[in-house]
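Enquirer:
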Amino acid sequence: MEGMGDKPMYMPPCDMMQMQMSFYWGKDAIVLFSSWPNHSLGMYIVALMFVFFLAMVSEVLHNQPLIKRGTSPLFGGLILASVHLFRISFIYLVMLAVMSFNVGIFIAAVLGHFFGFFFAKSRALAMGNRELDKGSSSITTNV
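Printed below as a string of structure tokens:
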């Protein structure tokens, strides 16, 4: 390449804070934005709740039936694609938050996925049991 020659490439000094590259525990984390939670315990707790909420919502959106039978394919596809867009966005945000390598953020993400899955599946089981009860209510047993 012309102009490159044997000259070393100039690298401007980096004033950015270095990120942690191994798991650590503490409120001094950088989660999603360079100034958040900004070494504040209150904002760290908000960050934990935010990551928990994002993980939980992503699981609920993944495990819930969203359209009813008889919905037009075009409208149903549009709804499903929109929900998928939000779900994937939430999952990527959770992934980026976990890449802060903060143990508290990691635990919040895992617990959020756990409770979201639990909520969605327990609701689905309750609805399935309700359908079974409706079907068997016409049959009575005499003992």
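Residues in the sequence shown are numbered consecutively from 1, following full-length UniProt numbering. Don't be surprised by glycine CBs; every beta carbon is placed ideally from N, CA and C.
Does DSSP put residue 38 in a helix, in a strand, or in coil?
Expert: In the sequence shown, the residue the question calls residue 38 occupies position 38. In this structure, residue 38 counts as coil in the three-state DSSP scheme.
Enquirer: Which residue's Cα is closest to the Cα of residue 62: 129, 100 and 120?
Expert: Reading the sequence shown from its first residue, position 62 is the one you call residue 62. Of 129, 100 and 120, the residue nearest in Cα terms is 120.
Enquirer: Quick one: using the 10 Å Cβ neighbour count with 16 as the cut-off for buried, is residue 116 buried or exposed?
Expert: Reading the sequence shown from its first residue, position 116 is the one you call residue 116. Buried: at least 16 other Cβ atoms inside 10 Å.
Enquirer: Measure the alpha-carbon distance for residue 27 versus residue 40 and round it to whole angstroms.
Expert: The residue you call residue 27 lines up with position 27 of the sequence shown. The residue you call residue 40 lines up with position 40 of the sequence shown. Cα-Cα distance, rounded: 7 Å.
Enquirer: When you compare only the Cα positions, how much space is there between residue 112 and residue 54?
Expert: Taking the first residue of the sequence shown as 1, we reach residue 112 at position 112. Taking the first residue of the sequence shown as 1, we reach residue 54 at position 54. Roughly 7 Å between the two C-alpha positions.
Enquirer: How about residue 88 and residue 79: do their beta carbons lie closer than 8 Å?
Expert: Within the sequence shown, numbered from 1, the residue matching residue 88 stands at position 88. Within the sequence shown, numbered from 1, the residue matching residue 79 stands at position 79. No, Cβ-Cβ distance for residue 88 and residue 79 is not below 8 Å.
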